[in-house]
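K.L.:
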């Protein structure tokens with residue numbers, strides 16, 4: 006029923022969508038709709054809540070990924086992978102994303118709670134990186150999190166307006182490099198430069214780790230498995 010509601014809202018708009026249209030799309034009666042939801046507004050609210058919850062799942066705290074924090078090389082790759090996964094989700098769910106943005110004023114409290122949660126997670130990551138010597142000690146964590154959040158939000162809005170899948174991998178790598186160069190310590194900057202050289206030469210098999218050894222695809226796969 007919720008999927009049918011998403012499709013009808015996306016096709017007809019919030020005002021134009023009718024309960025009978027949603028029920029018909031779901032292959033059920035209008036009475037069956039009211040078993041699930043009190044009104045179309047209730048269905049819309051659940052769509053918004055579900056979508057925001059899904060977005061939040063991409064922002065797990067650093068404690069869930071201890072292996073990525075210890076190695077700046079793995080950390081850079083992990084962050085790009087995580088960001089690309091988020092933007093892939095946003096791209097695939099852009100009809101729902103348009104619905105969500107259209108009704109943002111009606112559910113402002115949900116968006117405010119979402120924003121607070123994401124900002125808190127961003128601060129946790131930045132603080133962890135500062136403790137590990139990857140973010141400069143004088144960095145204003147609150148300001149850095151705000152700047153990063155604003156940049157990624159603008160990129161998501163740019164993406165939603167695109168008719169074709171944009172090169173958001175390139176966008177995200179540029180954003181990462183911008184913020185690493187703005188806030189990173191020499192150690193993190195060295196990891197970024199080494200990563201960039203590795204990519205430009207096509208060498209992906211091995212790269213130095215923070216401990217002085219090497220990081221391999223096998224070790225990265227363990228990071229990904231822990232994340233998934």
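Residue numbers (our numbering): 6 to 233. The beta carbon of each residue, even a glycine, is placed where N, CA and C say it ideally should be. Model, not experiment: these values are computed from the prediction.
If you drop the 5 nearest sequence neighbours on each side, which residues of the same chain put their C-beta closer than 8 Å to that of residue 185?
P.N.:
Excluding five sequence positions before and after residue 185, the CB atoms of its chain that fall closer than 8 Å to its own CB belong to 81, 193, 194 and 197, given in chain order.
K.L.:
Between residue 175 and residue 96, what straight-line distance do the alpha-carbon atoms span, to the nearest angstrom?
P.N.:
15 Å
K.L.:
Of the residues 14, 94, 113 and 161, which one's Cα is nearest the Cα of residue 48?
P.N.:
Of 14, 94, 113 and 161, the residue nearest in Cα terms is 14.
K.L.:
So within the segment 130 to 200, which uninterrupted beta strand (DSSP E) runs reach at least 3 residues, ignoring any that extend past its ends?
P.N.:
You should have found no qualifying run.
K.L.:
Among 12, 173, 165 and 20, which one has its Cα closest to the Cα of residue 29?
P.N.:
The shortest Cα separation from residue 29 among 12, 173, 165 and 20 belongs to 12.
K.L.:
On the DSSP letters alone, give me the boundaries of the alpha helix (DSSP H) that residue 112 sits inside.
P.N.:
Secondary structure note for residue 112: it is in no alpha helix (DSSP H), with a DSSP letter that is neither H nor E.
K.L.:
Do the CB positions of residue 9 and residue 37 come within less than 8 Å of each other?
P.N.:
no
K.L.:
Mind checking residue 189: buried by the 16 CB within 10 Å criterion, or exposed?
P.N.:
Buried: at least 16 other Cβ atoms inside 10 Å.
K.L.:
Does the Cβ of residue 58 have 16 or more other Cβ atoms within 10 Å, making it buried, or fewer, making it exposed?
P.N.:
Under this definition residue 58 is an exposed residue.
K.L.:
Would residue 90 pass as a contact of residue 63 if the rule is Cβ separation under 8 Å?
P.N.:
yes
K.L.:
Ignoring anything shorter than 4 residues, give me the alpha helix (DSSP H) runs that lie fully in the segment 76 to 110, in order along the chain.
P.N.:
77 to 97 and 99 to 107
K.L.:
Among 156, 187 and 26, whose alpha-carbon lies nearest the alpha-carbon of residue 177?
P.N.:
156
K.L.:
Considering Cα atoms alone, identify which of 173, 27, 67 and 34 is closest to residue 131.
P.N.:
67
K.L.:
Would residue 40 be called buried (16 or more neighbouring beta carbons within 10 Å of its own) or exposed?
P.N.:
By the 16-neighbour rule on beta-carbons within 10 angstroms, residue 40 is exposed.
K.L.:
If I follow the unbroken alpha helix (DSSP H) through residue 28, where does it start and stop?
P.N.:
Per DSSP, residue 28 belongs to the alpha helix (DSSP H) from 24 to 31.
K.L.:
Is residue 214 helix, strand or coil when you go by DSSP?
P.N.:
For residue 214, the pLDDT reaches just 43, beneath the cut-off of 50, and the residue's location in the model is therefore unreliable, although a value from the coordinates is still provided. If DSSP states are grouped into helix, strand and coil, residue 214 belongs with coil.
K.L.:
Distance, Cα to Cα, residue 122 vs residue 115?
P.N.:
Computed Cα separation, rounded: 11 Å.
K.L.:
Evaluate residue 113 with the Cβ neighbour count: other Cβ atoms within 10 Å of its Cβ, from every protein chain shown; 16 or more gives buried, anything less gives exposed.
P.N.:
exposed
K.L.:
Taking all protein chains shown into account, do 16 or more other C-beta atoms lie within 10 angstroms of the C-beta of residue 150, making it buried, or fewer, making it exposed?
P.N.:
buried
K.L.:
Is DSSP giving residue 127 helix, strand or coil here?
P.N.:
helix
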